[in-house]
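**Q** Just passing along the structure, written as structure tokens.
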Amino acid sequence: MASITVPLSDDVQDWLEEQVLKGGYASAGDYMADLVTQERIAQGEELSLEEVQLLVRTSRASGIGTKTMNELFAEAQRAADTRKPGLA
Numbered sequence: 018m019a020s021i022t023v024p025l026s027d028d029v030q031d032w033l034e035e036q037v038l039k040g041g042y043a044s045a046g047d048y049m050a051d052l053v054t055q056e057r058i059a060q061g062e063e064l065s066l067e068e069v070q071l072l073v074r075t076s077r078a079s080g081i082g083t084k085t086m087n088e089l090f091a092e093a094q095r096a097a098d099t100r101k102p103g104l105a
């Protein structure tokens, strides 16, 4: 696996660490990898089978969520509403 070093301000690093704790990520690297994957999907890029399998494994490992079905549907609707034209 490749590795990169990214300089961050203290404020950004604090925020990133908070997101890791809130989101149940094992590390800042896992969080950043998830952000990159989400952006690739948002831009309409197709993921490989291995990437989709990793998403499924990660989702299963995260456990049962606390959001209601209404909250999940509302999130999905917001995501669909902000989707870039032509990606439907």
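This note's numbering puts the first residue of the sequence shown at 18, with every later residue one more than the last.
Every residue gets a Cβ at the ideal spot worked out from N, C-alpha and C, and that includes glycine.
1. Grab the span of the alpha helix (DSSP H) containing S76 for me, first residue to last.
2. Would you identify the three-state DSSP class for Y42, choosing helix, strand or coil?
3. Suppose you measure from the CA of G82 to the CA of L38; what does that come to, to the nearest Å?
4. DSSP state of L33, grouped into three classes?
**A** This is what the structure holds:
1. Here residue 76 refers to the residue found at position 59 when the sequence shown is read from its first residue. L66 to A78 is the extent of the alpha helix (DSSP H) around S76.
2. Position 25 of the sequence shown, counting from 1, holds the residue named residue 42. In the structure shown, Y42 sits in coil (DSSP, three-state: anything other than H, G, I, E or B).
3. To locate residue 82, count along the sequence shown from 1; it is residue 65. To locate residue 38, count along the sequence shown from 1; it is residue 21. G82 and L38: Cα-Cα distance of roughly 15 Å.
4. Position 16 of the sequence shown, counting from 1, holds the residue named residue 33. Helix.
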